[in-house]
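In terms of this note's numbering, the sequence shown is residues 2 to 163.
C-beta atoms are modelled at their ideal positions from N, C-alpha and C, and glycine is treated no differently.
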Amino acid sequence: MPSRILHLIALLCVAALTFALVSQHVFDMQPCAWCVLQRLVLVVIALTCWLGLLAGRIAAGLRRLAGMLVTLLGISGVLAAWYQYTVAAKMFSCDMTFADRFMVNSGLDANVPWLFGIFASCMDARVDLLGIEYALWSLGLFLVITALGVAALLMRPDHAPV
Numbered sequence: 002m003p004s005r006i007l008h009l010i011a012l013l014c015v016a017a018l019t020f021a022l023v024s025q026h027v028f029d030m031q032p033c034a035w036c037v038l039q040r041l042v043l044v045v046i047a048l049t050c051w052l053g054l055l056a057g058r059i060a061a062g063l064r065r066l067a068g069m070l071v072t073l074l075g076i077s078g079v080l081a082a083w084y085q086y087t088v089a090a091k092m093f094s095c096d097m098t099f100a101d102r103f104m105v106n107s108g109l110d111a112n113v114p115w116l117f118g119i120f121a122s123c124m125d126a127r128v129d130l131l132g133i134e135y136a137l138w139s140l141g142l143f144l145v146i147t148a149l150g151v152a153a154l155l156m157r158p159d160h161a162p163v
């Protein structure tokens, strides 16, 4: 069962990233620093899930470790989305905030601009989808990911190969 949960989490992350990229490149909804930081968290969560599944073939307990890491990463995503919604979206510029400094210093915004490029201020990136801000959708997704990570962590490891 933890294997299925880790697959589900990874697929949720890929679906969210796909949705974000379609929003950006098709509908011209440009991301801010906090948006792309959350994209990075989604990428890391998906990779953690899939690496946990591969490592789980060696020792089933490693899937639980992946569940723990996913839980911690999910909490970091919740914090980033909450900060974006409550603080950053009300600022004229998110320049020099943690997200901006981290993404610029990592070089991801310059080297992978189609995914991690920062093209808007946090206030300008404030967009609604079905009457709900993107940041709140992201917050909800990270809460679901965190809950699923806890479930993967607490479930008895499955011993059958994936």
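Q | Reference Q39; option with closest CA among A17, A148, S4, A11 | A | Here the closest residue by C-alpha is A17.
(Q) Which of the three DSSP states is assigned to D129 in this structure? (A) D129: strand per DSSP, three-state reduction.
Q.
So the candidates are L70, A89, T98, N106; which of them puts its Cα closest to the Cα of C123?
A. In terms of CA proximity to C123, A89 leads the group L70, A89, T98, N106.
Q. Rounded to a whole number of angstroms, what is the C-alpha to C-alpha distance between I76 and I59?
A. The alpha-carbon atoms of I76 and I59 are separated by roughly 27 Å.
Q | A136 burial status per 10 Å Cβ neighbour count (16 or more: buried) | A | That one is buried.
(Q) Restricting to Cα atoms, I'd like to know which of F99, L66, A47 is closest to A82. (A) Selected option, being the one with the closest Cα: F99.
Q. Which residue from A67, L7, I10, D110 puts its Cα closest to that of C33?
A. Ranking the options by Cα distance to C33, first place goes to D110.
Q) Does the distance from the CB of L68 to the CB of G150 come in under 7 Å? A) The sequence given here has Gly at residue 68, not Leu. Taking 7 Å as the Cβ cut-off, G68 and G150 qualify as a contacting pair.
Q) Could you give the distance in angstroms between the alpha-carbon of A121 and the alpha-carbon of V27? A) Each residue's Cα considered, the two are about 16 Å apart.
**Q.** Nearest-angstrom Cα separation, counted from V105 out to N112
**A.** Spanning the two alpha carbons is a distance of roughly 10 Å.
Q.
On a Cα-Cα basis, can you pick out the residue from L131, V44, Y84, G57 that is closest to C14?
A. When only C-alpha atoms are compared, the closest one is V44.
Q: Report all residues from its chain with a CB closer than 7 Å to the CB of G53; omit the five preceding and five following residues, and keep chain order.
A: Taken in chain order, the residues that qualify are L7, L63, R64, L66, A67.
Q | Among L131, S107, G132, V23, the one whose alpha carbon lies nearest that of L1 | A | Outside the modelled stretch of the chain, which goes from 2 to 163, sits residue 1, for which no answer is possible.
Q) Are M2 and V128 close, meaning C-beta to C-beta below 7 Å? A) If you check the CB distance, M2 and V128 do not come in under 7 Å.
Q) When the Cα atoms are used, what is the spatial distance from F20 to A153? A) The alpha-carbon of F20 is positioned some 25 Å away from that of A153.
Q: Output yes or no for whether 7 Å exceeds the beta carbon distance between I146 and V37.
A: No, the Cβ-Cβ distance between I146 and V37 is not below 7 Å.
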